[in-house]
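Enquirer: Structure incoming, see below.
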Amino acid sequence: MTLNKTAARAALLALLLCGAAATAVMAATPAQPPVPAILMTPEARDIHSYAQPLVARVTHVDLDLTADFAGQKMTGTAALDIAAAPDAKEVVLDSKGLVIKGVADAKGVALPWTLGKADPILGAPLTVTLNGARRIVVSYDSAPGGAALQWLTPAQTAGKKTPYLFSQGEAILNRTWIPTQDSPGIRQTWTARIVAPEGLKAVMSAEMLTPDGEPVAGGSLYRFRMDKPVASYLIAIAIGDLAFKPLGARTGVYTEPSVLDKTADELVDVEKMVEAAESLYGPYAWGRYDLLVLPPSFPFGGMENPRLTFATPTIIAGDRSLVSLVAHELAHSWSGNLVNNATWSDFWLNEGFTDYFENRIMEKLYGKERADMLADLGWSDLQEAIKDAGGPASPNTKLHLDLTGRDPDDGMTDIAYQKGATFLRTIEKAVGRERWDAYLKAYFARHAFQSQTTAGFVADLRANLIKGDPKLEAAIGIDKWVYEAGLPGNAVHVQSAAFPAVDALAAAFAKGGPAPSAKWTAWSTPERTRFVASLPRQLSAERLAALDKAFGLSAQGNSEIRFVWLQLAIANRYDPATPSLEAFLTDQGRRKFVAPLFKDLMEQGTWGQPIAKRVYAKTRPLYHAVTRQTVDTIVK
Ligand code: BES
Ligand code: ZN
471 MTLNKTAARA ALLALLLCGA AATAVMAATP AQPPVPAILM TPEARDIHSY AQPLVARVTH
531 VDLDLTADFA GQKMTGTAAL DIAAAPDAKE VVLDSKGLVI KGVADAKGVA LPWTLGKADP
591 ILGAPLTVTL NGARRIVVSY DSAPGGAALQ WLTPAQTAGK KTPYLFSQGE AILNRTWIPT
651 QDSPGIRQTW TARIVAPEGL KAVMSAEMLT PDGEPVAGGS LYRFRMDKPV ASYLIAIAIG
711 DLAFKPLGAR TGVYTEPSVL DKTADELVDV EKMVEAAESL YGPYAWGRYD LLVLPPSFPF
771 GGMENPRLTF ATPTIIAGDR SLVSLVAHEL AHSWSGNLVN NATWSDFWLN EGFTDYFENR
831 IMEKLYGKER ADMLADLGWS DLQEAIKDAG GPASPNTKLH LDLTGRDPDD GMTDIAYQKG
891 ATFLRTIEKA VGRERWDAYL KAYFARHAFQ SQTTAGFVAD LRANLIKGDP KLEAAIGIDK
951 WVYEAGLPGN AVHVQSAAFP AVDALAAAFA KGGPAPSAKW TAWSTPERTR FVASLPRQLS
1011 AERLAALDKA FGLSAQGNSE IRFVWLQLAI ANRYDPATPS LEAFLTDQGR RKFVAPLFKD
1071 LMEQGTWGQP IAKRVYAKTR PLYHAVTRQT VDTIVK
């Protein structure tokens, strides 16, 4: 896994030389797109990919796949365009469990290939001898039981009649269904031809060329095109009984027909969100912005797949109170999809920027009061994340992470989100909002459709914002923020003006006072969440019963409130809430909710562990591999 530096340098030199020579001297060789500058920096070396992009790099992918629901596999071909030096012998792709049937060049002539030794995290390198080819066609099946694809039974859908398939690529899961260079620094354009079973609709994170499909033998053919270069983790697919409803001129939502109307109603503000985002950081670069609201086993709140955000149905609260998730995924259209982390050590560039941007969209649309509440809850999450990491001295509290030997998933904590966003707020405070916004907008434009490293961002910040101002440099302390553990003393804590009163009522209730029913009715979701979360972890059964009775917490349809209530109930070994807990762990599989609840149960010894084991035995088969992988390490 260590970089062969000499080989890489030699290849780099060859590429640089041939860039000049190729056009003039070797006119027969088609011009090769230049290596993106960021990939030539040492910081961009991706330890989670076998690819050697300085030698041979995938620039375009054409997928031609059939969704085989009976066999639970995608089967077909991936044709890859390769940019390589004239003397490049081979291209190295990522693969994890793929069943490779053969590799050929564009004329169908077989090319030699080998699958290397499989690493439990990275999978195995698929090395193809090029024999001069610049387009290769891999025939394959997706990995049996591979982590990216979840094949749902009809029972796991809202309609209960037809099966469903969806993918989750981030971080390094797409190598279980697409043989390409699965590295966030290697951007690729792509197309797909997908055959779906008769009656089911296929959607992807791309331009949908055949919205209704075309009849072919064995089902319907759907065609897609993404003509902007994207990181491979952003290629996504779903197939199911899907209906569509427009939300605005360039926005809409896909979901199962039985839940379409209520889902669309929840998302009425999406078009306005796109406008708010554009007014902050420049034009939306992807054409349409649609959402796909998935069945409840979707392991994340949302995933920023370009043109088509994937979202959990747990945000459909009925009162539009959880739409900040849409603001978040939409914000990734700039911070993440337009300019994305070049390696998983730079994950904070995706999520810290996006959390910051999400909050700015919320402020623009719903006002400072609501945005401040959300930011203040984020501050609490940050304190929690520092504790979970083992305290402020832990290297896991750094923004730029050392992930050597680790699954990138390990680094994906609230540190990236909340310390990242806090860092940007700290810069905003130091330079003023006007200057900061102008900088950010120009930053996205300057690096559009490029990957970025932490070092690259820091250099850009110094060149275009700090501009050698020693006072500013000292006021921010960039290197400390980015490369050191803990939270610097100048961290900006956004405090909600509404929370002190909420906290006071929680304290009074804990001491035996009445449940503040009138307040609760008037409160927004963040205030309610804050109230429950700020109650002391030790409460009598009488207090818990009073709370549940007053606010109907065990029957809460709002997933965020239900979650904090169940955490409180577990901390107190409160049996009456166990049926509600079990239902919540069964009815949805969002890792952010499921994993902490199982963890809390396991920490409650002889009371909690039997519950955790009993429930998980039942729910494990329902969860996506991402959630399963995490919970497997908790419930043992
Ligand atoms: N890109 C992430 C989801 C993700 C993170 C996938 C890490 C794979 C690895 C997405 O944008 C995200 O952050 N989702 C959050 C919601 C958000 C509102 C904080 C989630 O899923 O909870
Ligand atoms: Zn995100």
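For the sequence shown, this note's numbering assigns the number 471 to the initial residue and increments by one for each residue that follows.
For glycine and all other residues, C-beta sits at the position ideal for the given N, C-alpha and C.
As the structure is a prediction and not an experimental result, all values here were calculated from the model.
1. Since residue 691 contacts residue 665 with CB under 8 Å, what's their CB separation in whole angstroms?
2. Consider the C-beta atom of residue 824 and the heavy atoms of the ligand ZN; say whether any pair is separated by less than 7 Å.
3. Would you say residue 765 and residue 627 are within 8 Å of each other, going by their C-beta atoms?
4. Going by alpha carbons, who is nearest to residue 641 out of 970, 701, 632 and 675?
5. Quick one: grab the DSSP three-state call for residue 612.
6. Nearest-angstrom Cα distance between residue 596 and residue 748?
7. Which same chain residues end up closer than 8 Å to residue 1049 when comparing Cβ atoms and leaving out the 5 residues on each side of it in sequence?
8. With DSSP run on the structure shown, which of helix, strand or coil describes residue 1079?
9. Using 8 Å as the threshold, is the region 823–838 in touch with the region 535–550, meaning 3 or more CB pairs across them?
10. Measure the alpha-carbon distance for residue 769 versus residue 816 and round it to whole angstroms.
11. Determine the extent of the alpha helix (DSSP H) in which residue 836 is found, giving its start and end residues.
12. Roughly how many angstroms separate the alpha carbons of residue 993 and residue 849, rounded to a whole number?
13. If you scan the region 704–789 from start to end, which runs of the alpha helix (DSSP H) of 4 or more residues do you find wholly inside it?
14. Exposed or buried, what is residue 679 when buried is set at 16 or more other beta-carbons lying within 10 Å of its beta-carbon?
15. Near residue 1004, which residues of its chain fall below 6 Å by C-beta distance, leaving aside the five closest residues on each side in sequence?
16. Between residue 1068 and residue 583, what straight-line distance do the alpha-carbon atoms span, to the nearest angstrom?
17. DSSP on residue 682, reduced to helix/strand/coil?
18. Taking the straight line between their C-alpha atoms, what separation do you get for residue 957 and residue 567?
19. Within 7 Å: the Cβ of residue 470 and any heavy atom of the ligand BES?
20. Below 8 Å, can you find three or more Cβ-Cβ pairs linking the region 653–660 to the region 510–521?
21. Should residue 611 be labelled buried (16 or more other beta-carbon atoms within 10 Å of its own) or exposed?
22. Please work out which residues of its chain come closer than 7 Å, Cβ to Cβ, to residue 801, disregarding the five sequence neighbours upstream and downstream, and give them in chain order.
23. Report the three-state DSSP secondary structure of residue 921 (helix, strand or coil).
24. List the residues that DSSP assigns as beta-bridge partners of residue 666.
25. Taking all protein chains shown into account, do 16 or more other C-beta atoms lie within 10 angstroms of the C-beta of residue 495, making it buried, or fewer, making it exposed?
26. Spell out the partners DSSP gives residue 543 in its beta bridges.
27. I need the straight-line Cα distance from residue 1100 to residue 893, nearest angstrom please.
28. Can you name the residues that DSSP bridges to residue 634?
29. If we require 3 or more residues per run, which beta strand (DSSP E) segments fall completely within the region 550–576?
30. According to DSSP, simplified to helix, strand and coil, what is residue 811?
31. On the DSSP letters alone, give me the boundaries of the alpha helix (DSSP H) that residue 646 sits inside.
32. Give me the DSSP bridge partner(s) of residue 1010.
33. Rounded C-beta distance between residue 750 and residue 907? I'm assuming under 8 Å.
34. Cutting at 7 Å between CB atoms, please list the residues of its own chain near residue 863, excluding the five before and the five after it.
35. What did DSSP end up calling residue 493 once you bin it into helix, strand or coil?
Expert: In short:
1. As a position in the sequence shown, residue 691 is number 221, starting the count at 1. As a position in the sequence shown, residue 665 is number 195, starting the count at 1. With a Cβ gap of about 5 Å, residue 691 and residue 665 count as contacting.
2. If you number the sequence shown from 1, residue 824 lands on position 354. Yes, Cβ of residue 824 sits closer than 7 Å to a heavy atom of the ligand ZN.
3. Your numbering for residue 765 matches position 295 in the sequence shown. Your numbering for residue 627 matches position 157 in the sequence shown. Closer than 8 Å, so yes.
4. Numbered from 1 along the sequence shown, position 171 holds the residue referred to as residue 641. Comparing Cα-Cα distances from residue 641 to each of 970, 701, 632 and 675, the minimum goes to 701.
5. Along the sequence shown, read from residue 1 onward, the residue named residue 612 stands at position 142. In this structure, residue 612 counts as coil in the three-state DSSP scheme.
6. Here residue 596 refers to the residue found at position 126 of the sequence shown. Here residue 748 refers to the residue found at position 278 of the sequence shown. Whole-angstrom Cα-Cα distance: 41 Å.
7. Position 579 of the sequence shown, counted from the start, is the residue given in the question as residue 1049. So the list reads 1024, once near-sequence residues are dropped.
8. As a first step, residue 1079 is located in the sequence shown; it is residue number 609 there, counting from the start. Residue state, collapsed to three classes: helix.
9. no
10. As a working note, residue 769 is residue 299 in the sequence shown. As a working note, residue 816 is residue 346 in the sequence shown. Residue 769 and residue 816: Cα-Cα distance of roughly 22 Å.
11. Reading the sequence shown from its first residue, position 366 is the one you call residue 836. Residue 836 -> alpha helix (DSSP H) spans 817–836.
12. On the sequence shown, position 523 is the one that residue 993 refers to. On the sequence shown, position 379 is the one that residue 849 refers to. The alpha-carbon atoms of residue 993 and residue 849 are separated by roughly 20 Å.
13. 730–736 and 740–751
14. Walking along the sequence shown from the start, residue 679 turns up at place 209. By the neighbour-count rule (16 or more Cβ atoms within 10 Å), residue 679 is not buried but exposed.
15. Along the sequence shown, one-based indexing puts residue 1004 at 534. Result list for residue 1004: 973 and 976, in chain order.
16. Here residue 1068 refers to the residue found at position 598 of the sequence shown. Here residue 583 refers to the residue found at position 113 of the sequence shown. So the two alpha carbons sit approximately 44 Å from each other.
17. As a position in the sequence shown, residue 682 is number 212, starting the count at 1. The answer is coil: DSSP assigns residue 682 none of H, G, I, E or B.
18. Position 487 of the sequence shown, counted from the first residue, corresponds to residue 957. Position 97 of the sequence shown, counted from the first residue, corresponds to residue 567. Approximately 40 Å between the Cα atoms of the pair.
19. The question about residue 470 has no answer, for the chain in this structure spans 471 to 1106.
20. yes
21. The residue given as residue 611 occupies position 141 in the sequence shown. With 16 or more Cβ atoms within 10 Å of its Cβ, residue 611 is classed as buried.
22. On the sequence shown, position 331 is the one that residue 801 refers to. Closer than 7 Å at the Cβ level, and outside the excluded window around residue 801, lie 747, 824, 827, 828 and 831.
23. Counting from one through the sequence shown, the residue named residue 921 turns up at place 451. Residue 921 falls in the strand class under three-state DSSP.
24. Taking the sequence shown and counting its residues from 1, the one referred to as residue 666 is at position 196. Partner(s): 690.
25. Position 25 of the sequence shown, counting from 1, holds the residue named residue 495. Bear in mind that the predicted position of residue 495 carries a pLDDT of just 41, short of 50, making it too unreliable to give a figure here.
26. In the sequence shown, the residue the question calls residue 543 occupies position 73. Bridge partners of residue 543: 538.
27. Taking the first residue of the sequence shown as position 1, residue 1100 is located at position 630. Taking the first residue of the sequence shown as position 1, residue 893 is located at position 423. Straight-line Cα distance between these residues: approximately 28 Å.
28. As a position in the sequence shown, residue 634 is number 164, starting the count at 1. Its beta-bridge partners are 622.
29. 560–565 and 569–575
30. Residue numbering aside, residue 811 sits at position 341 when the sequence shown is read from its first letter. If DSSP states are grouped into helix, strand and coil, residue 811 belongs with the strands.
31. As a working mapping, residue 646 is identified with position 176 in the sequence shown. From DSSP, residue 646 is part of no alpha helix (DSSP H); its letter is neither H nor E.
32. Working through the sequence shown from its first residue, we reach residue 1010 at position 540. Answer is none; residue 1010 lacks a bridge partner.
33. By 1-based counting over the sequence shown, the position of residue 750 is 280. By 1-based counting over the sequence shown, the position of residue 907 is 437. Yes, they are in contact, since the Cβ atoms of residue 750 and residue 907 sit about 7 Å apart, within 8 Å.
34. Residue mapping note: residue 863 aligns to position 393 of the sequence shown, counting from 1. Around residue 863: 955 and 956.
35. In the sequence shown, counting from the first residue as 1, residue 493 sits at position 23. The predicted model places residue 493 with a pLDDT of 41, which falls under 50 and marks its position as unreliable; any figure quoted below should be read in that light. It is helical.
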